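Chemist: Pasting a structure below so you can have a look.
Chains as they are written, first to last, in the numbering used here: chain A, 2 to 316; chain B, 2 to 316.
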């Protein structure tokens, strides 16, 4: 008799769902809409309903299910309670108890989405072969997740790994989304490097490859392409991106001493050049005992959260 | 039949040794000299010899000893291997295996001294009642230790918790002992605030309470006394101390999300004012989810390491 695990990654727009076998190999994946009305009260029932449908379709019995793993976009304590997911309209409650109750599945493991994605990458992605990694996701913001000895480091209130909100520039005057100033996210996210590029393009008449694009068409890809084509303005943006990120990761290393950094998110799709520029600045800022850490690109893309969710069930 | 534990804290000058009962209460403490000649090869035999003498004196049998716990001044992996203790002349070897072999005691637990002191404070000192703390020792340098869920966070190579080497001022031109520039230790250690005070006294003719002392007589105590007496120059030094430390600890919180910070070392002997100035700057730099952490003074002083060493044995 086969056994199965469901891996679920709840985002603000869609819920990514995967059916996995008992070894953690992905059999099938699909998405459902995240229905946020009524303080997000439909989200968990919708997920459980979708699982029930899949069970029926595949002839899977309740007793064939080893567990359900879930990533949610907010702080989660080690026992599966969320402490507010502003994004989904949720307050404070135990997601694992609720999903257990709705589904009848006893083992429900819940983690913060960035932490769960880090666990996925450590298990099956760019961090494979390492037990201690720091995952950094360079997307709209800068997300982070820390894996120590193969397990998520949650912290006391589920807020560990908030690497995007390390203060890296005490002199900054613009305010970050978190209310503080000079956070890593302001410089090294996809949004951050685009903002800086547009600022520099406006502030000077400096010749640049990037002037051929409309403002809306400039993203990480154009900026890193220009950088590799020796464009000076793009060079300045990429240098800033790397200086802040290298310093931020050196500081993370001084706190948790990982074996490797795994770099994911939209910006990482520009390939090995991203790692090369970060590593160079990292080495400049880190004490001797922490030099020479590995830097890897993430490999699982949007599936990382589902894999990590499944990994929690198999632990 | 009573049972006992030995707690040992190896420093560069002396080895602090304690005899504890099976509950972890200190019965007696003493010190021996750290003999560093011949690459520190006498240090462990001397400790084992001192334990044997104490056993004889107290009529303790080998079978009455639950274990020996030890803190050493260098990185230690989770399985008790040291990776170089420059300070003692040691290379790479298993301290726990060696002490076991020499003493015949099976359970020997070894940790980095700063980490072990953090564990001691969490168990029996300023961090009592918390499971997740960050301990910061403001002495000659700035040391750190991180306790997560009641256990030491070692990192992959025993170098976690190196809070003194967080980069907090990327513009610094002076080099830190670690070879980098702008480390927290350069501003917030006892040495750091004394250095800054002497610099400011030299650079200006500004009136100051501190001018009554000779250069050699100025330490953290004089500086904090002057600060509390509203001395402007001391105010500037204490502000800098707090700005860098507050920012550094906000960054540590974003990585590991503790319940409390415990502040120890010489500078902490100036009492609650130290905590007040740090907390104020911490709150300015930290994201909403990490505000309102507890700040406590360390309570065990130089005994923290022995207590933490014993705690490892009892875990």
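In this text, a Cβ means the ideal position worked out from N, Cα and C, and glycines have one as well. Just so it is clear, the structure is predicted and the values come from calculations on it, not from any experiment.
#1: Does any CB atom of chain A fall closer than 8 Å to the CB of residue 257 (chain B)?
#2: Using only the alpha-carbon positions, how far apart do residue 6 (chain B) and residue 230 (chain B) sit?
#3: Which two residues bound the contiguous beta strand (DSSP E) that contains residue 82 (chain B)?
#4: In whole angstroms, what separates the C-alpha of residue 198 (chain A) from that of residue 13 (chain A)?
#5: Can you tell me where the alpha helix (DSSP H) with residue 54 (chain B) in it begins and where it stops?
#6: Check whether the segment 93-102 of chain A and the segment 285-300 of chain A are in contact - that is, three or more C-beta pairs closer than 8 Å.
#7: Is it a yes or a no for the segment 254-271 of chain B touching the segment 148-157 of chain A, going by three-plus beta-carbon pairs under 8 Å?
#8: Output needed in chain order: residues of the segment 230-258 of chain B with a Cβ under 7 Å from some Cβ in chain A.
#9: What residues in the segment 69-101 of chain B have a beta carbon less than 7 Å from any beta carbon of chain A?
#10: Does residue 123 (chain B) pass the burial test, meaning 16 or more other C-beta atoms within 10 Å, or should it be called exposed?
#11: Let me see if you follow: with CB-CB separation under 8 Å, is residue 147 (chain B) close to chain A or not?
#12: Going by DSSP in three states, residue 195 (chain B) sits in which element: helix, strand or coil?
#13: Report buried or exposed for residue 149 (chain A), applying the criterion of at least 16 other Cβ atoms within 10 angstroms of its Cβ.
#14: Roughly how many whole angstroms lie between the Cα atoms of residue 276 (chain B) and residue 224 (chain A)?
#15: Report the rounded CA-to-CA distance for residue 152 (chain A) versus residue 268 (chain A), giving the unit in angstroms.
#16: Leaving out the 5 sequence neighbours to the left and right, which residues in its chain are closer than 7 Å to residue 254 (chain A) when beta-carbon positions are compared?
#17: Closer than 8 Å by C-beta to residue 211 (chain B): which residues in its own chain qualify, once you throw out the five before and the five after it? Chain order, please.
#18: For residue 282 (chain B), does the count of other Cβ atoms within 10 angstroms reach 16, so buried, or fall short, so exposed?
#19: Does any C-beta atom of chain B lie closer than 8 Å to the C-beta of residue 189 (chain A)?
#20: Suppose contacts are defined by Cβ-Cβ distances below 8 Å. Is residue 165 (chain B) in contact with residue 194 (chain B) by that definition?
#21: Of all Cβ atoms in chain A, is any one closer than 8 Å to the Cβ of residue 167 (chain B)?
#22: With a CB to CB cut of under 6 Å and the five nearest residues on each side skipped, what residues in its chain are close to residue 77 (chain B)?
#23: Look up residue 307 (chain A) in the DSSP assignment and say whether it is helix, strand or coil.
#24: Hey, is residue 163 (chain A)'s beta-carbon within less than 8 Å of any beta-carbon in chain B?
#25: Just the Cα atoms here: how many angstroms apart are residue 300 (chain B) and residue 92 (chain A)?
#26: Use the C-beta contact count for residue 192 (chain B): other C-beta atoms within 10 angstroms, 16 or more gives buried, fewer gives exposed.
#27: With 16 as the cutoff for other CB atoms within 10 Å, does residue 190 (chain B) come out buried or exposed?
#28: Does the CB of residue 1 (chain A) have a neighbour CB from chain B at under 8 Å?
#29: Does residue 291 (chain B) come within less than 8 Å of chain A when only Cβ atoms are used?
#30: Going by DSSP, name the residue or residues bridged to residue 297 (chain A).
#31: Closer than 8 Å, CB to CB, is residue 118 (chain A) near chain B or not?
#32: Could one say the Cβ of residue 110 (chain A) lies closer than 8 Å to chain B's Cβ atoms, at least one of them?
#33: Assign residue 74 (chain B) to buried or exposed, taking buried as 16 or more other Cβ atoms, counted over all protein chains shown, within 10 Å of its Cβ.
#34: Might you give, ordered along the chain, the residues of its own chain that have their beta carbon closer than 6 Å to the beta carbon of residue 109 (chain A), omitting 5 neighbours on each side?
#35: So what does residue 78 (chain A) bridge to, in DSSP terms?
#36: Per DSSP, which residues does residue 91 (chain B) bridge with? Please list them.
Modeler: In short, the structure shows the following:
#1: Interface residue, yes.
#2: Roughly 46 Å separates the two Cα atoms.
#3: Here the beta strand (DSSP E) through residue 82 (chain B) covers 82-86.
#4: Between residue 198 (chain A) and residue 13 (chain A), the C-alpha separation is close to 28 Å.
#5: Annotation for residue 54 (chain B): the continuous alpha helix (DSSP H) segment containing it runs 44-59.
#6: With a cut-off of 8 Å, the segment 285-300 of chain A and the segment 93-102 of chain A do not count as touching, because too few Cβ pairs lie within range.
#7: Yes, they touch.
#8: Of all residues in the segment 230-258 of chain B, 248, 251, 252, 253, 255, 256, 257, 258 have a Cβ within less than 7 Å of some Cβ in chain A.
#9: Taken in chain order, the members of the segment 69-101 of chain B whose beta-carbon sits within less than 7 Å of a beta-carbon on chain A are 76.
#10: With a threshold of 16 other beta carbon atoms within 10 Å, residue 123 (chain B) meets it and is buried.
#11: Contact of residue 147 (chain B) with chain A is assigned, a C-beta pair being separated by under 8 Å.
#12: Helix at residue 195 (chain B).
#13: Around the Cβ of residue 149 (chain A), a 10 Å sphere holds 16 or more other Cβ atoms; the residue is buried.
#14: Rounded to the nearest angstrom, the gap between the Cα atoms of residue 276 (chain B) and residue 224 (chain A) is 45 Å.
#15: Between residue 152 (chain A) and residue 268 (chain A), the C-alpha separation is close to 26 Å.
#16: Only 287, 291, 294 meet the Cβ criterion.
#17: Around residue 211 (chain B): 198, 202, 219, 223, 224, 227, 232, 234, 235.
#18: Answer is buried; the Cβ neighbour count reaches 16.
#19: Answer no: the Cβ-Cβ gap between residue 189 (chain A) and chain B never drops below 8 Å.
#20: Cβ distance not < 8 Å, so residue 165 (chain B) and residue 194 (chain B) don't count as in contact.
#21: Put simply, the CB of residue 167 (chain B) is near chain A, with a gap under 8 Å to one of its CB atoms.
#22: Here the set comprises 83, 111, 112, 113, 159.
#23: Three-state DSSP puts residue 307 (chain A) in a helix.
#24: Among the CB atoms of chain B, one or more fall inside 8 Å of the CB of residue 163 (chain A).
#25: Here the C-alpha atom of residue 300 (chain B) lies approximately 38 Å from the C-alpha atom of residue 92 (chain A).
#26: Answer is buried; the Cβ neighbour count reaches 16.
#27: Its Cβ being crowded by 16 or more others within 10 Å, residue 190 (chain B) is buried.
#28: Chain A is shown only over 2 to 316; residue 1 (chain A) falls outside these bounds and no answer can be derived.
#29: Taking 8 Å as the CB threshold, residue 291 (chain B) lines the interface with chain A.
#30: Note: residue 297 (chain A) sits in a beta bridge opposite A:263.
#31: By this cut-off, residue 118 (chain A) is not an interface position.
#32: Answer no: the Cβ-Cβ gap between residue 110 (chain A) and chain B never drops below 8 Å.
#33: Residue 74 (chain B) comes out buried.
#34: So the qualifying residues of the chain are 69, 97, 100, 101.
#35: Partner(s): none; residue 78 (chain A) has no beta bridge.
#36: Paired residues: B:86.
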